[in-house]
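Reviewing the structure listed below.
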Amino acid sequence: MPMATAVWLVENTTLTFKQISEFCNLHEVEVQGIADGEVAKGIMAYNPIISGQLTREEIELSSKDENRPLQINHLDIEISNINKKIKKYVPLSKRQDKPDSALWLIKHHPQLKDSQIAKLLGITKNSVTSIRNKNYWNYNNLNPKDPVAMSLFSQKDLVDSIEKAERRIKREKKKKEKDKQQNLA
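Residue numbers 7 to 191, in this note's numbering, belong to the letters of the sequence shown in order.
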């Protein structure tokens, strides 16, 4: 992108080669080569104003003063730390670990819903339900294993799911109490 941005700045502004090279992190000779048409042939120009890297005012101020470097426009964009969960390939040898982990979660965190466990482990809700009801086809051979220790998901994911389950239980409890109060009145 620096080369494409430099192409646009050379074509559309009266900035010096030094200003463009400092902004784009290129050598002055490269920028001069872009202006002469020797370098960056076939590279489409990239407008830094549209992308929000620069403002028109910033370019005008730097055009008037040859010693003034271009200042990148720092946008106050809030970058979320929410990472979209990516499905990853699970080797055949590790696939048996999922039902084992489901059994561990059922034993250690019974407040989790089957759908939450299924989502955490990437297995079907029916599998989790059958493990909970002890009628899973291979139930006798299951050994409870900690899924976090086996890196099937992170500790943060587990804590978030447990907190969500606890909030749901509190909500249901409040609703039952409210219904009970309404029935008595």
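C-beta: ideal position from N, C-alpha, C; glycine also.
- Contact check between the region 38-45 and the region 53-68: fewer than three CB pairs, one atom from each, fall below 8 Å, which does not count as touching.
- Going by DSSP, Gln38 is part of the alpha helix (DSSP H) stretching over Glu34 to Asp42.
- Shown here, Thr19 sits in coil according to DSSP, grouped into three states, outside any helix or strand.
- When rounded, the separation of the alpha-carbon atoms in Gly48 and Glu17 is 14 Å.
- The three-state reading of DSSP puts Arg174 in helix, counting H, G and I together.
- With respect to the C-alpha of Ile168, the residue from Thr22, Glu66, Pro8 and Gln117 having the closest C-alpha is Gln117.
- Excluding the 5 residues flanking it on each side, Ala10 has same chain C-beta neighbours closer than 7 Å at Ile49, Met50, Ala51 and Tyr52, in chain order.
- Fully enclosed alpha helix (DSSP H) runs of no fewer than 4 residues occupy 98-101, 103-114, 120-127 and 131-138 of the region 70-155, in order along the chain.
- Judged by beta-carbon spacing, Trp110 lies beyond the 7 Å limit of Pro54, meaning their Cβ atoms are not closer than that value.
- Cβ contact annotation for Ser27 (same chain, cutoff 8 Å, sequence separation greater than five): Ala12, His33, Glu34, Glu36 and Val37, in chain order.
- Residues Trp110 of the same chain have their beta carbon placed closer than 7 Å to that of Asp152, with the five preceding and five following residues left out of the count.
- Relative to Thr130, the option among Leu164, Asp71 and Lys104 whose CA is nearest is Lys104.
- In the structure shown, Val165 adopts helical secondary structure according to DSSP, grouped into three states.
- Annotated as distal: Ile65 and Thr22, with beta-carbon spacing of 7 Å or more.
- Val134 counts as buried, since no fewer than 16 other beta carbons sit within 10 angstroms of its beta carbon.
- Secondary structure at Gln187: helix, using DSSP grouped into helix, strand and coil.
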